[in-house]
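Q: Quick one: the structure is below, questions incoming.
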Amino acid sequence: MIHNATIVNEGRIFVGSVVIENDRIAEIWDEGCPANETSASADSVINATGLLLLPGVIDTHVHFRDGGQSENPAGTFYSESRAARAGGVTSVVDMPNTKPQTTTLEALEAKEALAARDSAVNYGFMLGATNDNIDTLLDIDPKRYAAIKLFLGSSTGNMLVNNPEQLDHLFRDAQKLIVAHCEQEEVIQANLLNAKLEFQGTADETATLHPKIRNNEACFLSTYHAIERARKYGTRFHVAHISTATELSLLSNFDLEKKHITAEVTPNHLWFDDRDYAELGNRIKCNPAIKTNDDRLALWAALEDDLIDTIATDHAPHPLEAKQKSYFDAPSGIPSIQHSLQMMLEAAINDNDLLMLIVQKMCHNPALLFGIEDRGFIRKGYKADLVLVRQGVEETVTRKSLLYKCGWSPLEGQTFHTHIERVWVNGASDISAEPLKFNK
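Residues in the sequence shown are numbered consecutively from 1, following the working numbering.
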């Protein structure tokens, strides 16, 4: 029994107790209910007075980098899943741009075996679309995977899909949610060429160029055309890591169950802005780029207005030595999953409405949107994926505290005012992980 916790769940904050039996939630007692009778027969009772009890975070956008064939990947399921768990993330959905790319049933099965062996958190996968695998993709049982990942702008792994006929085929015939990286490739390449001609090898070749090359126009045009295609065919479509204020005009704030166009934001795009490039440089180089403070504030407002539906990290580790290269040669991606919940909770200190919103966007909505069975809520009969959080303590990120294989974070030196006290995955506080089940 987790006794006397402050439970945050389904738009409520209340003091209560949760009973775990095997891998599931057996009882939920509000304050005043006969929890003491249950505690007398419990194998163990955890006094959670003053602590927050949240559903485990479901991060539906991670790049653990581990496809099983890279000799020295930037991350592995072993290392990155343990970092995730330490941060209160109990389930992840991994992206397909690995070696080999997850674009076939065989590659999916190989990744499932890898995660079953090494993962410390529950796991699922997206299958990747390419210009020539759409028929193969659509033949795979949609309940075997979380979603179809579509790269409409080039990024790590180079899985760009730019064939209009194949895009129409995918959007028309997909029986699964399509999750897209939206950046207009033609705009990016033109900006990149101009920037290299002007700045390469000069003192101005820094990461401050990144939001100018992968700019608002590139994001808006790609998102606009993708949403138009989704509307034409009635496709369930999810915009990944939205980064600009201009794209928000393309979204609606209907109830989640009534939407077929939805959107995600990352903690990094809510935390950093283009002023941070001066200090952090390539460490916050990611695709799409972190943009202005006005964009960041607009993303926060859209999250609160329900224009944005989920929060996911786009966790993407790279070796530090690669990030220390010159701007044009440094890869894009930020390791962030170990502190994503703390980043969001830092904004919710003394703000219960925002606290409930964070739980909705990081726990409830990912489960609903991706059709993840029996997770994402503190409900009787659901899997006991739970996070206990202590507030009002100082915890500073140090390199020694990081569990990522890459060993670094742009948050080093940041002090948070929460501590992840304890995490349960499938009712266990030691390693216990399962494949996610998808019902749609």
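We treat Cβ as the ideally placed atom computed from N, Cα and C, and that holds for glycine. In this text, all values refer to a predicted model and were calculated from it rather than measured experimentally.
1. Where DSSP assigns a beta bridge to Lys383, which residues make up the other side?
2. With burial defined as no fewer than 16 other Cβ atoms inside 10 Å of the residue's Cβ, what is the status of Leu193: buried or exposed?
3. Does Val359 come out as helix, strand or coil in the three-state DSSP assignment?
4. Mind pulling the alpha helix (DSSP H) runs of 4 or more residues that sit fully within the segment 34-103?
5. Could you check whether Lys323 and Pro211 sit closer than 8 Å to each other, using their CB atoms as the reference points?
6. Going by Cα to Cα distance, which pick from Leu52, Ser17, Gly56, Asp66 is closest to Val45?
7. Give the single residue among Tyr327, His260, His238 whose Cα lies nearest to the Cα of Tyr277.
8. Using 8 Å for Cβ pairs, my map puts Ile284 next to Thr313. What's the rounded Cβ distance?
9. Quick check: Gly75 and Cys406, are their CB atoms within less than 8 Å of each other?
10. Starting from Ile227, trace the alpha helix (DSSP H) both ways and give me its first and last residue.
11. DSSP has His181 in a bridge; who is on the other side?
12. Please give the ranges of any alpha helix (DSSP H) in the segment 228-315, keeping only runs that are unbroken, at least 4 residues long and fully inside the region.
13. Got a sec, what are the start and stop residues for the beta strand (DSSP E) Arg422 sits in?
14. Which class does Asn194 belong to by DSSP, given the choice of helix, strand or coil?
15. Can you have a look at Asn72 and say buried or exposed, based on whether 16 or more other CB atoms are within 10 angstroms of its CB?
16. Can you give the beta carbon distance from Lys149 to Ala129, rounded, assuming they're within the 8 Å contact cut?
17. Residues in the same chain with beta-carbon distance under 7 Å from Val121, minus the five sequence neighbours each way, listed in chain order, please.
18. Excluding the five sequence neighbours on either side, which residues of its own chain have a C-beta within less than 7 Å of the C-beta of Asp305, listed in chain order?
19. Helix or strand or just coil, what does DSSP make of Thr208?
20. How many angstroms separate the CA atom of Glu27 from the CA atom of Ala301?
21. Runs of 3 residues minimum, wholly inside the segment 107-153: which ones carry the beta strand (DSSP E) assignment?
22. Could you have a look at Asp351 and say whether DSSP puts it in helix, strand or coil?
23. Going by other Cβ atoms of all chains shown within 10 Å of its Cβ, with 16 needed for buried, is Ile227 buried or exposed?
24. Can you tell me which residues form a DSSP beta bridge with Gly16?
25. Under a three-way DSSP split, which group does Ile431 fall into?
26. Strictly by DSSP, which residues pair up with Thr396?
27. Could you give the residue range of the alpha helix (DSSP H) that holds Asp329?
28. Where Lys325 and Asp255 are concerned, what is the direct C-alpha to C-alpha distance, given to the nearest angstrom?
29. Excluding sequence positions up to five away, which residues of its chain have a Cβ less than 8 Å from the Cβ of Leu307?
30. For the candidate residues Leu127, Lys380, Leu221, whose alpha-carbon lies nearest to that of Ile20?
31. With DSSP collapsed to three states, give me the class of Val389.
32. Can you list, in chain order, the residues of its chain whose CB lies under 7 Å from that of Arg172, leaving out five sequence neighbours each side?
33. Could you check where the alpha helix (DSSP H) with Arg172 kicks off and where it finishes?
34. With Leu386 and Leu127 assumed to form a contact (beta carbons below 8 Å), what rounded beta-carbon distance in angstroms separates them?
35. Starting from Glu321, follow the alpha helix (DSSP H) in both directions and report where the run begins and ends.
36. Buried or exposed: where does Phe438 fall if 16 or more other Cβ atoms within 10 Å of its Cβ makes it buried?
A: This is what the structure holds:
1. Lys383 has Arg24 as its beta-bridge partners, per DSSP.
2. Its Cβ having fewer than 16 others within 10 Å, Leu193 is exposed.
3. In the structure shown, the three-state DSSP call for Val359 is helix.
4. Annotation: the segment 34-103 contains the following complete segments of the alpha helix (DSSP H) (minimum length 4 residues), in chain order: 35-41, 77-86.
5. The answer is no: Cβ separation not under 8 Å.
6. Checking every option, the nearest Cα to that of Val45 belongs to Ser17.
7. Checking every option, the nearest Cα to that of Tyr277 belongs to Tyr327.
8. The pair is not a contact, with the Cβ atoms about 13 Å apart (cut-off 8 Å).
9. With respect to the 8 Å criterion, Gly75 and Cys406 are classified as neighbours on the basis of their beta carbons.
10. For Ile227, the enclosing alpha helix (DSSP H) starts and ends at 216-233.
11. According to DSSP, which records beta bridges pairwise, His181 is partnered with Phe151.
12. Qualifying alpha helix (DSSP H) stretches, in chain order: 267-271, 277-280, 293-304.
13. Start and end: 415-424.
14. Three-state DSSP puts Asn194 in a helix.
15. Asn72 comes out exposed.
16. A Cβ-Cβ distance of about 7 Å is found for the pair Lys149 and Ala129, placing them in contact under the 8 Å criterion.
17. Residues Ser81, Ala84, Arg85, Val89, Thr90, Ser91, Val92, Val425, Ala433 of the same chain have their beta carbon placed closer than 7 Å to that of Val121, with the five preceding and five following residues left out of the count.
18. Correct list, in chain order: Asn253.
19. Look at Thr208 here: in three-state DSSP terms it is helix.
20. About 36 Å.
21. Taking only runs of at least 3 residues, the beta strand (DSSP E) segments lying wholly in the segment 107-153 are 122-128, 147-151.
22. In this structure, Asp351 counts as coil in the three-state DSSP scheme.
23. If you draw a 10 Å sphere on the C-beta of Ile227, you find 16 or more other C-beta atoms in it, and that means buried.
24. According to DSSP, Gly16 bridges with Ala5, Asp30.
25. When DSSP states are grouped into helix, strand and coil, Ile431 belongs to the coil group.
26. Thr415, per the DSSP bridge assignment.
27. No alpha helix (DSSP H) holds Asp329; DSSP gives it neither H nor E.
28. Going from the Cα of Lys325 to the Cα of Asp255 covers about 45 Å.
29. Non-local C-beta neighbours of Leu307 in its own chain, meaning closer than 8 Å and more than five positions away in sequence, comprise Leu248, Leu251, Ser252, Asn253, Ala263, ordered along the chain.
30. Cα-wise, what sits closest to Ile20 is Lys380.
31. DSSP, read as helix, strand or coil, puts Val389 in strand.
32. Non-local beta-carbon contacts of Arg172 in its own chain, meaning distances under 7 Å to residues more than five positions away in sequence, involve Tyr233 in chain order.
33. Unbroken alpha helix (DSSP H) run through Arg172: 164-173.
34. Rounded to the nearest angstrom, the Cβ distance from Leu386 to Leu127 is 30 Å, too far for a contact under 8 Å.
35. It spans 320-323 - the alpha helix (DSSP H) in which Glu321 sits, taken as one unbroken run.
36. In summary, Phe438 is buried, with 16 or more beta-carbon neighbours lying within 10 Å of its beta-carbon over all protein chains present.
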